[in-house]
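Numbering (the working numbering), first residue to last: 119 to 377.
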């Protein structure tokens with residue numbers, strides 16, 4: 119993905135504005151703490167750059183072959199935020215489904231997850247158009263980000279515009295004529311094979327209310343594999359990471375992804 123195609127949220131997360139060191143407070147210090155924690159140099163994410171944060175920065179710098187100063191300069195910031203650049207590398211495949219699958223594996227390998235609280239941290243902000251916080255569930259944001267990334271790399275339009283809300287994405291799928299209900303599949307109006315090898319699944323809480331979305335692969339109306347954001351291996355639909363799962367087809371609806 120070309121840097122010129124990066125979203126404003128991505129550009130903001132990658133931006134380095136000034137050296138950050140002991141005594142710094144605010145969003146700059148907080149972002150350093152978030153990325154240190156992501157890299158397994160865990161500190162309190164309290165937006166206050168104290169001696170503990172400086173010590174963790176030094177450990178991180180030495181681990182990355184940098185001078186251990188405890189001060190975050192441009193080179194240290196680039197190393198901290200390198201996982202973002204890793205997920206933004208071009209995927210493989212000229213078809214839309216193949217490109218999406220390649221990008222999903224890329225994101226999965228980096229393992230984005232929440233940092234600093236429920237639905238918080240740089241990955242949530244990247245996927246959810248710059249927003250994070252308790253109410254910012256990011257499964258739809260993750261799906262939309264992947265669809266847009268694939269479309270940008272292939273210089274084509276995606277099947278839907280994308281959104282950070284599941285219900286809004288269902289509405290877009292319906293408008294595009296790509297929405298398939300569980301009832302259609304079980305009733306024989308649509309065959310499971312009509313979904314293709316890659317599709318979106320929506321977890322249906324009640325008629326007209328969908329609470330989670332992710333990418334599904336193959337399988338059947340009974341069970342399929344997934345890659346999704348804001349999930350994990352618990353039963354809930356508001357969790358903390360990009361992960362792969364095996365899911366039941368019960369209470370699911372779908373969106374076809376044209377190639």
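All C-beta atoms, glycine included, are put in the ideal place defined by N, C-alpha and C.
On a predicted model such as this, the values are computed, not experimentally measured, just so you know.
- Check the Cα spacing between residue 299 and each of 280, 327, 156: the tightest is with 327.
- Excluding its 5 nearest sequence neighbours in each direction, residue 329 has C-beta neighbours in its own chain below 7 angstroms: 284, 321, 323, 355, listed in chain order.
- With contacts defined by Cβ atoms closer than 8 angstroms, residue 192 and residue 185 do not form a contacting pair.
- Taken through DSSP and simplified to helix, strand or coil, residue 130 comes out as helix.
- Secondary-structure assignment with DSSP links residue 345 through a beta bridge to 333, 362.
- Secondary structure note for residue 372: it is in no alpha helix (DSSP H), and the uninterrupted beta strand (DSSP E) holding it is 370-374.
- Around the CB of residue 237, 16 or more other CB atoms lie within 10 Å, so the residue is classed as buried.
- Taking each of 128, 122, 121, 119 in turn and checking the Cα distance to residue 259, the smallest one comes out for 128.
- Remark: C-beta atoms of residue 338 and residue 367 approach each other more closely than 8 angstroms.
- Between residue 143 and residue 121 the beta-carbon gap is near 30 angstroms, outside 8 angstroms, which marks them as no contact.
- DSSP places residue 262 in the helix class (H, G or I) of the three-state scheme.
- Taken through DSSP and simplified to helix, strand or coil, residue 320 comes out as strand.
- Spatial neighbours of residue 213 in its own chain (CB-CB distance under 8 angstroms, excluding positions within 5 residues in sequence) are listed in chain order as 377.
- According to DSSP, residue pairing for residue 143 in a beta bridge involves 166.
- By the criterion of at least three beta-carbon pairs nearer than 8 angstroms, the region 140-157 is in contact with the region 196-203.
- DSSP places residue 289 inside the alpha helix (DSSP H), whose first and last residues are 284-293.
- With a beta-carbon spacing of about 10 angstroms, residue 343 and residue 332 fall beyond the 8 angstroms limit used to define contacts.
- Taking every protein chain shown into account, the CB of residue 250 has 16 or more other CB atoms within 10 angstroms, so this residue is buried.
- If you draw a straight line from the Cα of residue 278 to the Cα of residue 294, it comes to about 7 angstroms.
- Distance from the CA of residue 281 to the CA of residue 269, rounded to the nearest whole angstrom, comes to 15 angstroms.
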